Structure formats: structure tokens, C-alpha cells
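Quick note on numbering: the sequence shown equals residues 249 to 518 in our numbering.
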Amino acid sequence: MRSAFVDLFAGIGGIRHGFEAIGGQCVFTSEWNKHAVRTYKANWYCDPDAHQFNDDIREVTLSHQSGVTDDEAAQHIRDAIPAHDVLLAGFPCQPFSLAGVSKKNALGRAHGFACDTQGTLFFDVARIIDARRPAIFVLENVKNLKSHDGGKTFRIIMQTLDDLGYDVADAAESGPDDPKIIDGKHFLPQHRERIVLVGFRRDLNLGGNFTLRDLPGLWPATPTHDCRSAGAGGGREIYSYPGSVEIPLSLCAEASGEGQRVWLRDGRSH
Numbered sequence: 249m250r251s252a253f254v255d256l257f258a259g260i261g262g263i264r265h266g267f268e269a270i271g272g273q274c275v276f277t278s279e280w281n282k283h284a285v286r287t288y289k290a291n292w293y294c295d296p297d298a299h300q301f302n303d304d305i306r307e308v309t310l311s312h313q314s315g316v317t318d319d320e321a322a323q324h325i326r327d328a329i330p331a332h333d334v335l336l337a338g339f340p341c342q343p344f345s346l347a348g349v350s351k352k353n354a355l356g357r358a359h360g361f362a363c364d365t366q367g368t369l370f371f372d373v374a375r376i377i378d379a380r381r382p383a384i385f386v387l388e389n390v391k392n393l394k395s396h397d398g399g400k401t402f403r404i405i406m407q408t409l410d411d412l413g414y415d416v417a418d419a420a421e422s423g424p425d426d427p428k429i430i431d432g433k434h435f436l437p438q439h440r441e442r443i444v445l446v447g448f449r450r451d452l453n454l455g456g457n458f459t460l461r462d463l464p465g466l467w468p469a470t471p472t473h474d475c476r477s478a479g480a481g482g483g484r485e486i487y488s489y490p491g492s493v494e495i496p497l498s499l500c501a502e503a504s505g506e507g508q509r510v511w512l513r514d515g516r517s518h
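Below you can see the structure in the form of C-alpha cells.
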């Protein structure tokens, strides 16, 4: 039997890709951006008899409505979202990212949990976890989530997940070697750090001694790519990976800047 999962704040389905690849079945997707939805639906077939699509997650949790009791909200969530084993959520990062916070400060706007439109959406995820009680969750956000507001934001998130009865892998880890911080450079030609929270329902005793550090694909022991200097542009580098993903020359040229030298996988340069 395939494990069922839900895909919240799904974007174009990046996180779904990995879980489908290991045999999971997506039973519910939520994404409000119409452009992302169009791409998502083009990439992922969603059987209407086995999958439900939603736009605004607050329509599920009723968090934007006053006068709704916790029990009423929980029942509404259970009616809207099918039972599932794994919950995936890349909840909005703009209120916590360095760029997002800087922009909001410049515009005099609230950020973090004080941002009503995006900053509180983590708590919608928490409401769904509480109502549906999945065995496992995987939450993703920007690295700066850990340090936002002097660390207060992250402490609230971790305390909330603990209160819900979940153990987060590597919860006590911190510092530059924190395995919860995963860098995209191990997989793609970009330096993009994200925090990944993997939680296990405590009463099921699933987590054991699980740590993200034990996953070799996330922490390569040796370099997994061939790197050559682009030869111009302030030391920018173009990465050529030996895997099955080919990066079009047009994208490489765009990444390295107009007029700079780009190395191809066969050693030729342009």
C-alpha cells in the first residue's frame, strides 16, 4: 500500500517530486498562487477521485474567521483533508528570509509572525497537524528562520511542535554544522541553504535515533560535482554535475553573466 501524503504551500511541486519518487501518493495539495498552480497541474496528474486541490489554506483551517471554536475548526480540517501518513509544508519564507525582512523593514511593514498575510501561516500548518495527526511531517523554510527575531520565532515553532506531541530530528543541534540546514549546492549549481524539520509522532516511536546527518545524499563525504572557474565575473563558478540532469547552455550563460566564459561538461568553453 502506498503511503499517503499532503502537499501544503506546494509551489510547483518540488517537495512532492521526492516523495512520489519513493512511492508516495499525494492525496491533497494546497497552493494559492495561480501561476504556480498552473505549472503544478501541468507537471503532476491529480486524479480527481483520489486527490483534492485547494487554494487558500485558511479556507481549510478557518483561521481567518472569527467565532469558530477549536473543535469546529478541527472537524472542518478533517472533513477537508484526507487521512495521510506524511505532511509536507514549505510554508512561506518571505516573512523570515533576510531579503524579505529587509524589504519589509524598508517599507515599514511587519515581518515574521507579525505579518498577518504570511507570517502566521505556520500556525495553520500546526492546526492541520493537530487535527490530522500524521505519523511524520517535513517542514521547509529559509535558514534565517533559526535566527529571526533573535531566535524567538524558531523557539516558538519548536515549542509548538513539541506541544503537539512530535519529536523533531536533530532538535538540539545548532551552530554552523547543524544538520537541519541543507545546502542546495550538493545537488544543483547554486548555493541555497534551507532549514528542514523532520518530525515524528511521539506516541508511535518512529523516530528513534534518526538524524539528517546519516543521509549520505544530504551530506556528501566527497565532492559530487566537477567545478571549473568561469574565468570572469568576480570568481563566479559554474558547476557541472555527473548525474542525469543536464543544464542548458542558455541557463549557464544567464547564471554566469553576459560575456563571461562558461565551461561545458566536455571541457569546451564558450
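Glycine included, every Cβ here is placed at the ideal spot set by N, Cα and C.
Just so it is clear, the structure is predicted and the values come from calculations on it, not from any experiment.
Check whether the Cβ atoms of residue i and residue j lie closer than 8 Å to each other.
i: D372; j: T309; result: yes
i: A331; j: R375; result: no
i: A383; j: D327; result: no
i: K394; j: F402; result: yes
i: A298; j: V275; result: yes
i: G447; j: F370; result: no
Under the rule that 16 or more other beta-carbon atoms within 10 Å means buried, what is residue i, buried or exposed?
i: D255; result: buried
i: S345; result: No answer about S345 holds up, because its pLDDT of 48 lies below 50 and its placement is not dependable.
i: E388; result: buried
i: K428; result: buried
i: E320; result: exposed
i: F361; result: Residue placement at F361 is poorly supported in this model, since its pLDDT is 45, which falls under 50; the coordinates still yield a value, given next. Burial call: buried.
i: F253; result: buried
i: H439; result: exposed
i: L355; result: Low confidence applies here, because L355 scores a pLDDT of 38, under 50, leaving its location unreliable; read the following figure in that light. By the neighbour-count rule (16 or more Cβ atoms within 10 Å), L355 is not buried but exposed.
i: E441; result: exposed
i: H312; result: exposed
i: G338; result: buried
i: G261; result: buried
i: P424; result: exposed
i: P340; result: buried
i: L452; result: exposed
i: P437; result: buried
i: L445; result: buried
i: S422; result: exposed
i: S278; result: buried
Residue i bridges to which residues according to DSSP?
i: G447; result: F385 and V416
i: C274; result: F253
i: A337; result: L256 and L387
i: P442; result: The sequence shown places Arg at residue 442, not Pro. R442 is bridged to V390 and I430.
i: F301; result: T277
Under the assumption that residue i contacts residue j (Cβ atoms under 8 Å), give the Cβ distance between them as a whole number of angstroms.
i: I405; j: L336; result: In fact, because the Cβ distance is near 16 Å, the residues do not count as touching under 8 Å.
i: R250; j: G266; result: In fact, because the Cβ distance is near 15 Å, the residues do not count as touching under 8 Å.
i: D397; j: L460; result: No, D397 and L460 are not in contact; Cβ-Cβ is about 24 Å, not under 8 Å.
i: D410; j: A322; result: With a Cβ gap of about 19 Å, D410 and A322 do not count as contacting.
Check whether the region 402-420 and the region 273-286 touch, using three or more Cβ-Cβ pairs below 8 Å as the test.
no
Check whether the region 256-274 and the region 296-316 touch, using three or more Cβ-Cβ pairs below 8 Å as the test.
yes
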